[in-house]
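Peer 1: Protein sequence lines correspond, in order, to chains U and W.
Per my numbering, the very first residue in the first sequence carries number 84; after that it's consecutive.
Per my numbering, the very first residue in the second sequence carries number 350; after that it's consecutive.
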Amino acid sequence: MGRYFIKRLLSTIPLLLVISFLVFMFIHMIPGDPAKLIAGQDSTQAEVETVRKQLGLDQPLLKQYGQYMKGLVTGDLGDSIRNGKSVVETIAPRLKPTIMLTVSAMIWATIIGVALGIISAVFHGRILDYVGMIIAISGISVPSFWLGLELIQGFSVALNWLPTGGLDSWQSYILPSLTMGAGIMAILARFTRSSMLETMREDYVRTARAKGLKESLVVMRHAFKNSLIEIITVAGLQIGGLLSGSVMAETVFSIPGLGRLLVDSINFRDYKVVQALLLFFAAEYIFINLIVDVLYGVINPKVRYD
Amino acid sequence: MKNRKKLLAALLAGAMTLSMGATAFAAEAEDGYAVKATNTEATSPDNDLVIAIEGSVSSMDPANIPDTNAISATRGCYEMLVYFDENQEMQGQLAETWEVSDDSLTYTFHLREGVKFHDGTDFNAEAVKANYERVIDPENNLRQRRNFIETADDGTETPRVESVECPDDYTVIFKLTKAWSPFINRLTQFCIISPAALEEYGNDIMNHPVGTGPFICTEWEEGDHTSFEKNEDYWGEPASVDTVTIREVPEAGSRTAMLQTGEADMVYPMPADQIQAIEGNDDINVMTADSNIMRYVTLNMNLEPLSDVRVRQAMNYAIDKEAYIQVMYAGNGTIASSVVPHIIPGYKEQEAYTYDLDKAKELMEEAGYADGFSLTLWGDNSTQEIKGMTFIQQQLAQINIEVEVLPMEPATVSDKIYVEPEEAEVNMWYVNWSASDFTMDGSLRSLLYSTMAPPTSANTAYFNNEEFDSLLDEGLATADPDKQAEIYGQAQTIAWEECPWLFLASDQLLYSTKSYLSGAYVAPDGAISFANAVLAQ
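(1) By the 10 Å Cβ neighbour count, where 16 or more other Cβ atoms means buried, how is U/V381 classified, buried or exposed?
(2) Of the residues that make up the region 337 to 369 of chain U, which ones have a beta carbon closer than 7 Å to any beta carbon in chain W?
(3) According to a CB-to-CB cut-off of less than 9 Å, which residues of the region 111 to 127 of chain U neighbour chain W?
(4) For W/A719 and W/A663, I'd like the C-alpha separation in whole angstroms.
(5) Check whether the Cβ atoms of W/I420 and W/N480 sit closer than 8 Å, and answer yes or no.
(6) Only counting runs of 4 or more residues, tell me where the alpha helix (DSSP H) segments fall wholly within the region 577 to 638 of chain W, in order along the chain.
(7) Starting from U/W229 and walking both ways along the alpha helix (DSSP H), at which residues does that stretch end?
(8) Quick check on DSSP: helix, strand or coil for U/G289?
(9) Measure from the C-beta of U/P176 to each C-beta in chain W and report whether the shortest distance is under 8 Å.
(10) Going by DSSP, what residue range makes up the alpha helix (DSSP H) through U/R91?
(11) What separation, rounded to the nearest whole angstrom, lies between the Cα atoms of W/D395 and W/T567?
(12) On a CA-only basis, which of W/V689, W/V593 and W/S867 is nearest W/L853? Give me that one, please.
(13) For W/G602 and chain U, any beta-carbon pair shorter than 8 Å?
(14) Going by beta carbon distance, what residues of the same chain come within less than 6 Å of W/E448, once the five residues before and after it are set aside?
(15) Confirm, please, whether the CB-CB distance from W/S603 to U/I338 is below 8 Å.
(16) What is the DSSP secondary structure of W/C540, reduced to helix, strand or coil?
(17) What number of angstroms, rounded off, separates the C-alpha of W/M643 from the C-alpha of W/L796?
(18) Hey, could you find the ends of the beta strand (DSSP E) W/Y767 is sitting in?
(19) Give the straight-line distance between the Cα atoms of W/S530 and W/A807, rounded to the nearest whole angstrom.
(20) Run through DSSP, which three-state label would W/M409 get?
(21) What three-state label does DSSP hand W/S867 in the structure shown?
(22) Taking Cβ positions only, does U/A129 come closer than 8 Å to chain W?
(23) Can you give me the C-alpha to C-alpha distance between W/G682 and W/V635, rounded to a whole angstrom?
(24) Where in the region 724 to 763 of chain W do unbroken runs of the beta strand (DSSP E), each at least 3 residues long, occur, reported from the N-terminal end onward?
(25) Could you pull out every residue in the same chain whose Cβ sits closer than 6 Å to the Cβ of W/A412, ignoring the five residues on either side in sequence?
(26) I need the straight-line Cα distance from U/L345 to W/D831, nearest angstrom please.
(27) Looking at the unbroken alpha helix (DSSP H) that takes in W/K710, where does it start and where does it end?
(28) Looking only at its chain, what residues have a beta carbon closer than 8 Å to the beta carbon of W/A362, apart from the 5 residues adjacent to it on each side?
(29) Could you tell me whether the Cβ of U/V171 comes closer than 8 Å to any Cβ of chain W?
(30) Please report whether the beta-carbon of W/M643 lies at a distance below 8 Å from any beta-carbon of chain U.
(31) Counting only beta-carbon separations shorter than 8 Å, does W/E612 have a partner in chain U?
(32) Below 8 Å between beta carbons: does that hold for W/R509 and W/I498?
(33) Which runs of the alpha helix (DSSP H) spanning at least 4 residues fall entirely within the region 798 to 845 of chain W, listed in chain order?
(34) Give the interface partners of W/D764 over in chain U, defined as CB-CB distance under 8 Å, in chain order.
(35) For W/W569, name the three-state secondary structure that DSSP assigns.
(36) Using beta-carbon positions only, say whether U/A332 and U/M268 come within less than 8 Å of one another.
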């Protein structure tokens with residue numbers, strides 16, 4: 084498996100190269116001129132040209148890409164156009180809030196989502212199934228922006244239990260992680276339910292029951308364990324999404340995360356920050372997929388890596 | 350159980366607030382207030398001021414300021430030679446007095462003595478010179494450099510300042526290469542940084558602010574907050590509050606909630622649609638401040654129907670400016686009565702284009718366009734801007750002008766605007782302008798001077814009037830306020846009668862505070878002044 088892991092890791096390099104090229108070209112192709120934004124609304128064209136020269140944006144695109152790649156290899160991602168801080172300095176402080184929120188949202192969403200899914204599958208067609216699915220459907224249909232504002236109205240303004248935003252204490256994580264996790268909880272509940280319903284119709288489950296095993300054992304060991312692969316795949320994709328930052332939750336709860344940084348940087352045409360972020364997100368997705376693939380083998384030893 | 354009921358009620362109330370959305374909310378309270386708190390006896394639980402703002406403090410280097418929020422924050426710890434006070438009058442700050450020579454070429458500043466930087470070093474004439482030299486050095490690549498440089502069309506640069514001399518420790522003399530009246534206004538943005546700190550940190554000074562101001566910056570975390578503590582050794586009256594924190598809260602609903610819970614003492618901006626959310630809170634003021642924002646629509650005068658002044662005037666008569674202010678700003682705005690907002694020094698009131706459809710139709714008929722024509726209207730794609738454009742569309746439809754509204758992402762609009770004249774596609778542009786230096790020249794030149802048509806600058810009306818141009822040039826050459834008033838008065842009348850724009854309004858800035866906060870306000874350019882803030886105890 085070690086060899087498989089290394090092979091997979093190495094295979095990401097050409098993939099990332101292609102991504103970096105596409106990202107670079109797309110960003111530079113969208114209309115908008117950071118030089119104009121920096122020089123200001125009342126700047127003259129000559130002033131804009133001066134700024135453009137200073138930023139190196141007057142060079143041919145391919146040459147700019149070459150310089151960018153050279154920087155990437157040597158670990159120098161350049162400086163943010165907006166305020167001159169280095170790209171690493173700009174992104175690094177935004178990682179922690181995003182990671183903390185991803186973890187806290189994933190934990191509760193996975194536990195509740197999977198539990199709801201199992202309960203709905205076991206009590207298929209009965210009242211508990213309907214209740215579970217109503218919760219799941221609400222979770223997925225409520226816009227997170229609205230949910231966040233409602234939670235603030237309820238828990239911060241009316242009850243004064245929790246802060247409205249920021250990340251100063253552990254309490255401040257509660258509302259944003261509830262907001263971010265709601266949709267994921269719903270998705271996981273629905274996937275768990277459908278996958279469980281499928282496996283519970285399998286012959287080996289019938290055999291297990293016929294052997295006289297306790298129902299809880301049948302559900303958890305035989306049915307659930309076989310549904311896990313699907314659940315992990317879905318959960319992995321969701322983690323990838325959350326790690327790219329959640330613009331909505333970050334905006335409502337004033338959290339300085341990666342999502343807001345990306346949007347701000349795109350609006351300012353802060354090319355270097357946008358490039359670095361997108362490449363980072365791509366690498367993150369690839370890596371999480373790799374972990375998920377490895378986990379398949381852990382869960383089901385029948386999965387072979389060649 | 351009680352709590353659960355309370356929660357349910359709160360959720361319902363929240364849902365209602367959100368679903369009711371933006372309804373016009375007329376200002377009923379006295380001047381300067383959109384809503385006045387009834388509970389004026391409230392006291393603050395602490396002496397720490399928290400201000401929630403919408404955007405980001407993206408720099409703490411006062412010579413490299415990309416936005417208004419950075420102005421608000423840097424003004425906590427930095428000071429200038431001169432500044433605009435609450436009434437937009439220029440006052441000395443680090444300069445006690447100053448005089449300008451008759452030829453408007455020499456500016457002499459007499460500096461305040463006994464002022465120390467936060468690092469303990471002395472403020473003096475050499476410090477002013479060192480800051481000027483830093484700003485002007487192209488190597489440093491600072492935005493402020495443009496204030497002191499004139500760039501010709503071919504890109505060659507000429508410094509506006511010939512020399513900076515320090516005849517003694519507390520006198521600085523700026524000699525200009527040629528008379529340029531906005532100079533003193535530009536100095537209101539020229540903050541003095543400790544030369545010792547500049548020596549130590551270079552351009553990394555943004556991470557280590559050292560000024561002379563009433564507050565010392567203790568932490569700057571972009572995207573989250575900027576914190577200050579009181580400067581105990583301040584040369585003037587020391588600050589009343591112990592600490593100040595500027596929190597970045599992008600969502601308006603969340604800012605309002607912070608004010609309601611007491612997490613914030615002041616929030617800016619406060620969208621008009623949030624006003625009803627604070628009904629029932631008796632200790633919150635919603636304040637209005639006149640702004641330097643001019644809202645208008647440029648009319649491309651190179652286009653056939655728009656080249657006729659009667660058509661342009663008709664279009665101005667066809668717009669109900671009062672309704673515009675109601676629809677857009679819930680009544681918090683001032684109808685444009687000149688090409689510049691009324692708070693710009695030198696503003697001269699013009700004869701209004703009062704909403705009059707009969708007159709508009711008459712003018713259209715006279716010009717031979719009784720059946721109208723079609724135009725496109727460009728603008729940014731934010732909800733608010735689209736609302737404004739749709740309003741213009743409806744109004745102009747009344748005189749048979751069919752307007753196609755084309756909202757675009759801001760950077761895209763900019764790309765399409767700044768093109769060579771022969772490639773210009775712009776018909777009308779819904780846009781706004783704020784002259785950050787509060788000068789007439791800053792308010793007019795980039796927008797209406799003949800050589801400032803795109804791609805050079807933002808004259809998208811392609812307005813070309815020799816007399817207007819020469820008046821602007823005359824205005825630049827004199828620093829005498831009386832002469833300036835006369836010159837710029839004439840320039841305003843020319844532009845007003847020629848109608849290169851649809852003149853709309855200046856919106857008022859809305860911000861809100863806890864009633865126990867006083868002394869903090871939002872200046873017309875949207876910068877927050879908190880140096881004199883007091884939290885009632």
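The beta-carbon is built from N, C-alpha and C at its ideal position, and this holds for glycine as well.
Peer 2: Reading off the structure:
(1) exposed
(2) S337, P339, R343, L344, D347 and R352
(3) I113, P114, G115, D116, P117, K119, L120, I121, A122, G123, Q124, D125, S126 and T127
(4) 11 Å
(5) no
(6) 601 to 610
(7) S227 to L234
(8) The identity of residue 289 of chain U in the sequence shown is Arg, whereas the question assumes Gly. In this structure, U/R289 counts as helix in the three-state DSSP scheme.
(9) yes
(10) G85 to M112
(11) 19 Å
(12) W/V689
(13) yes
(14) T457
(15) no
(16) strand
(17) 11 Å
(18) W/Y767 -> no beta strand (DSSP E), and no H or E assigned at all.
(19) 21 Å
(20) coil
(21) strand
(22) yes
(23) 14 Å
(24) 750 to 757
(25) V484, L491 and Q493
(26) 50 Å
(27) L706 to E715
(28) Because W/A362 sits at a pLDDT of 44, beneath the cut-off of 50, its placement in the model cannot be relied upon, and the point is left open.
(29) no
(30) no
(31) yes
(32) yes
(33) 815 to 826
(34) P114, G115 and D116
(35) strand
(36) no
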